[in-house]
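Peer 1:
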Amino acid sequence: MSTVKLTVNGKAVAVDVEDRTLLVQLLRDHLNLTGTHVGCDTSQCGACVVHMDGRAVKSCTMLAGQADGANVTTIEGIAKGEELHPMQAAFRDNHGLQCGYCTPGMIMSAIDIVQRHGGQLDEATVRHELEGNICRCTGYHNIVKAVLDAAGRMKVAQAAE
Amino acid sequence: MYQTTYHRASSVDEAASLFAKSSEAKFLAGGQTLLPVMKQRLAGPSDVIDVAKIKDMIGVEASGDTLTIKAATPHYDVATSDAAKKAIPALAYLASLIGDPAVRYRGTIGGSIANNDPAADYPAALLALDATVKTNKRSIAAADFFKGLFTTALEDGEIITAVSFPVPAKAGYSKMPHPASRFALAGVFVAQTKSGEVRVAATGASQNGVMRVPAIEAALKTNWSPAAIDSVSIPASGLLADIHGSAEYRANLVKVMAQRAVAAAG
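Heads up: the protein sequence lines correspond to chains A and B, in order.
The opening position of the first sequence corresponds to residue 796 in this note's numbering, with each subsequent residue numbered one higher.
The opening position of the second sequence corresponds to residue 11 in this note's numbering, with each subsequent residue numbered one higher.
#1: Just checking my contact of residue 4/B with residue 181/B at CB under 8 Å: how many whole Å lie between their CB atoms?
#2: Would you say residue 953/A faces chain B, with C-beta separation under 9 Å as the test?
#3: Under 7 Å between beta-carbons, which chain A residues line up against residue 121/B? List them in chain order, please.
#4: List, from N- to C-terminal side, the beta strand (DSSP E) runs of 3 residues or more that fit wholly inside the region 194-235 of chain B.
#5: Name the chain B residues whose beta carbon is nearer than 8 Å to that of residue 931/A?
#6: Using a cut-off of 7 Å between C-beta atoms, extract the partners of residue 16/B located in chain E.
#7: In chain order, what residues of the same chain lie with their CB nearer than 8 Å to the CB of residue 246/B, ignoring the 5 residues before and after it?
#8: Is it buried or exposed for residue 907/A, if we count other Cβ within 10 angstroms and need 16 for buried?
#9: Using three-state DSSP, classify residue 935/A as helix, strand or coil.
#10: Tell me, please, whether the region 17-33 of chain B touches the region 910-925 of chain A by the rule of three or more beta-carbon pairs shorter than 8 Å.
#11: Less than 9 Å between the C-beta atoms of residue 43/B and residue 814/A, yes or no?
#12: Per DSSP, which one or two residues make a beta bridge with residue 67/B?
#13: Could you check what DSSP says for residue 924/A in three-state terms: helix, strand or coil?
#14: For the putative contact between residue 178/B and residue 213/B, defined by C-beta atoms under 8 Å, what is the C-beta separation to the nearest angstrom?
#15: Considering only residues of the same chain and omitting the five flanking positions on each side of residue 116/B, which have a CB-CB separation below 7 Å?
#16: Identify the contact partners of residue 852/A in chain B, using a Cβ-Cβ distance below 8 Å as the criterion.
#17: Which residues in the same chain have their Cβ closer than 6 Å to the Cβ of residue 62/B, if we skip the five residues on either side of it in sequence?
#18: Over what stretch of residues does the beta strand (DSSP E) that includes residue 898/A continue unbroken?
#19: Of all Cβ atoms in chain A, is any one closer than 9 Å to the Cβ of residue 48/B?
#20: Thinking residue 797/A and residue 16/B are a contact (beta carbons under 8 Å), I'd like their distance in whole angstroms, please.
#21: With distance defined between alpha-carbon atoms, name the residue in 263/B, 111/B, 238/B nearest to residue 198/B.
#22: Determine the DSSP secondary structure at residue 258/B, reduced to helix, strand or coil.
#23: In this structure, what does DSSP give as the bridge partners for residue 51/B?
#24: Starting from residue 844/A, find everything on chain B with Cβ-Cβ shorter than 8 Å and list it in chain order.
#25: Can you check whether the CB of residue 194/B is closer than 9 Å to the CB of residue 129/B?
#26: Kindly indicate if chain B contains any beta-carbon less than 9 Å away from that of residue 891/A.
#27: Residue 268/B and residue 216/B - do their beta-carbons sit closer together than 9 Å?
#28: List, in chain order, every chain A residue whose beta-carbon is nearer than 9 Å to that of residue 60/B.
#29: Are at least three pairs of beta-carbons, each pair with one atom in the region 924-934 of chain A and one in the region 890-906 of chain A, less than 8 Å apart?
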């Protein structure tokens, strides 16, 4: 057992876990943040993507100990109170989800994509960059539309700040 | 996953001494291969020693005719490094093709070459560029480092600290990725050194892991152009065959990827 100390969604936490605990297990089982999903559990589907120190990572492919001292943001941490994050709003408006299972990971990856590319996003780039996230319902079409829509909204929001 | 004990090393010496004290330890960098293998219970190290936060093991530096990538540098940082893009753009491009964005944020060059997956990208670059693998004990030429499937010259407890690449006159990389895993069905790295030597290495193709391709090297030595490879025939014997592609298919892919790599190198 070890005590892992990290910041999750802006809150400092200390959790006692077995050393073999994965970051996604710490989030879901110990902090009850079940918005982060486990899809394939083999590092391929991206349903477990969270941000660690500003980078989108697969939380099923990290030990909790590797996140000691890190700043982690999950899907629960991106809205401002009742106001959805522009990426969440764009997924809703563009019907970018059906069953919703992949959605938390899609949104966390998509925010990272927009942050990296800024306004330089086109459809081909979004499709290419989403290759680590698998959706089995939508055929990706509306997900891609949502990401492109959100890229514009995030740019506007950033300019306003 | 089996029980294990996690350690975070703050220096190379500390990592080596933690390893020496453990019964069956593994070094952990990005963990993008080791952790999935541990989750499947195909590996059950008593201890994992995290080297990813060792400051001396992170960074990309260009100095004179050498580009050095420290071992725990993630693929994303290589792909976006100004030093790498300027010195060896083909190498930065190769790093941008590994796995997916989330994997590239975590996976490292040291982890990739220590694992020596027969379809990994970096081994092709190391072999074609005649790179040197630096460890906490010695320097190893790439040609002596890769010893076949998942096998390297590393000794028990030896830690890769960096890889140095001589900057070539020209280099290019092209791969046909497996559509799901993004590992190479075949990937070819071509390089022309500043002294005019031509070196070509293929990954994903051979049953023995990364390999030089002498027939393509000879053709390019005479005439550095994609067309020079038209008449080259790659034997299928000794090449990988699986549900994704036969040995003959991969033999042809090596040729086509080499042509595309030369075209990209210019």
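Note that the Cβ used here is the ideal one computed from N, Cα and C, for glycine as well.
Quick caveat: nothing in here was measured; it's all calculated off a predicted structure.
Peer 2: Once the coordinates are examined:
#1: Given a span of 11 to 276 for chain B in the structure shown, any question on residue 4/B remains unanswerable.
#2: no
#3: In chain order: nothing, as chain A lies at least about 12 Å away.
#4: 194-202, 208-213
#5: None at all; the shortest Cβ gap to chain B is about 13 Å.
#6: The structure shown has no chain E; the protein chains it does contain are A and B.
#7: 256, 257, 258, 260, 261
#8: buried
#9: coil
#10: no
#11: no
#12: Partner(s): none; residue 67/B has no beta bridge.
#13: helix
#14: With a Cβ gap of about 18 Å, residue 178/B and residue 213/B do not count as contacting.
#15: 40, 41, 42, 84
#16: 112, 115, 116
#17: 39, 82
#18: It is not in any beta strand (DSSP E) - residue 898/A instead sits in the alpha helix (DSSP H) that spans 898-912.
#19: yes
#20: 7 Å
#21: 263/B
#22: helix
#23: DSSP output for residue 51/B lists no bridge partner at all.
#24: 112
#25: yes
#26: no
#27: no
#28: 858, 860, 861
#29: yes
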